[in-house]
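Colleague: What follows is a structure written as structure tokens; I'll ask about it next.
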Amino acid sequence: MNGVMILAHGSRVQSTKNTINEVVEMTKKKIGDIPLEIAYMEFCDENIEHGIKALTEKGVTHIKVVPYFLFEGIHIRQDIPEEIEKILKDYPGVTVEMGKTLGVDERLADILADRILN
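This is how it looks when you write it as structure tokens:
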């Protein structure tokens with residue numbers, strides 16, 4: 007079964023976590039019954055390992071990790087893949103696919119323009 011883990015950077019500030027949780031709830035409404043978990047790279051209990059565990063407990067064997075990051079920096083290219091590789095040693099039969107960052111997208115430009123003009 008396929009599942010999704012939305013991966014955010016993480017913060018010690020609770021309002022940041024509240025914001026991503028709201029975005030995740032909106033996303034759940036749009037994708038239907040695909041199992042989805044939020045995970046954070048650092049500063050939060052709901053880390054990458056927690057997300058993988060929660061999804062596998064739901065029967066997920068293939069996880070698409072969708073980074074809630076703007077850019078493909080060192081975390082996306084190196085840190086996160088290395089951490090996932092280590093975690094997967096404890097989850098034989100589970101595969102992970104990295105999705106794209108938010109990156110360059112006309113919809114982000116629309117949001118930015120809206121913030122400027124309103």
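Taken in order, the sequence shown gives residues 7 to 124; the numbers are from the working numbering.
Note that the Cβ used here is the ideal one computed from N, Cα and C, for glycine as well.
Here the structure is a predicted model, which means the values were calculated and not measured.
Would you tell me roughly how many angstroms separate the C-alpha atoms of Arg113 and Phe75, rounded to the nearest one?
Modeller: C-alpha separation (whole angstroms): 15 Å.
Colleague: If you draw a straight line from the C-alpha of Ile44 to the C-alpha of Ile82, how long is it?
Modeller: 16 Å
Colleague: Can you have a look at Ile86 and say buried or exposed, based on whether 16 or more other CB atoms are within 10 angstroms of its CB?
Modeller: buried
Colleague: Going by DSSP, what residue range makes up the beta strand (DSSP E) through Glu43?
Modeller: 42-46
Colleague: Which residues bound the beta strand (DSSP E) around Pro73?
Modeller: 68-73
Colleague: Which first and last residues belong to the beta strand (DSSP E) in which Gly57 is found?
Modeller: Not the beta strand (DSSP E): Gly57 falls in the alpha helix (DSSP H), residues 54-63.
Colleague: Using the beta-carbon count (16 or more within 10 Å), is Leu118 buried or exposed?
Modeller: exposed
Colleague: Excluding the 5 residues preceding and the 5 following Ile12 in the sequence, name in chain order all residues of the same chain whose CB lies nearer than 6 Å to its CB.
Modeller: Val30, Ile44, Val72, Tyr74
Colleague: Glu78 lies in the beta strand (DSSP E); which residues open and close that run?
Modeller: Element bounds for Glu78: n/a, residue is neither H nor E.
Colleague: Go ahead and pull the three-state DSSP assignment for Leu108.
Modeller: Coil, per DSSP.
Colleague: Would you report the Cα separation of Cys50 and Ile90, rounded to the nearest angstrom?
Modeller: 16 Å
Colleague: Which residue from Glu103, Lys23, Gly9 puts its Cα closest to that of Thr63?
Modeller: In the sequence on display, residue 63 carries Glu and not Thr. Taking only the C-alpha atoms, the option nearest Glu63 is Gly9.
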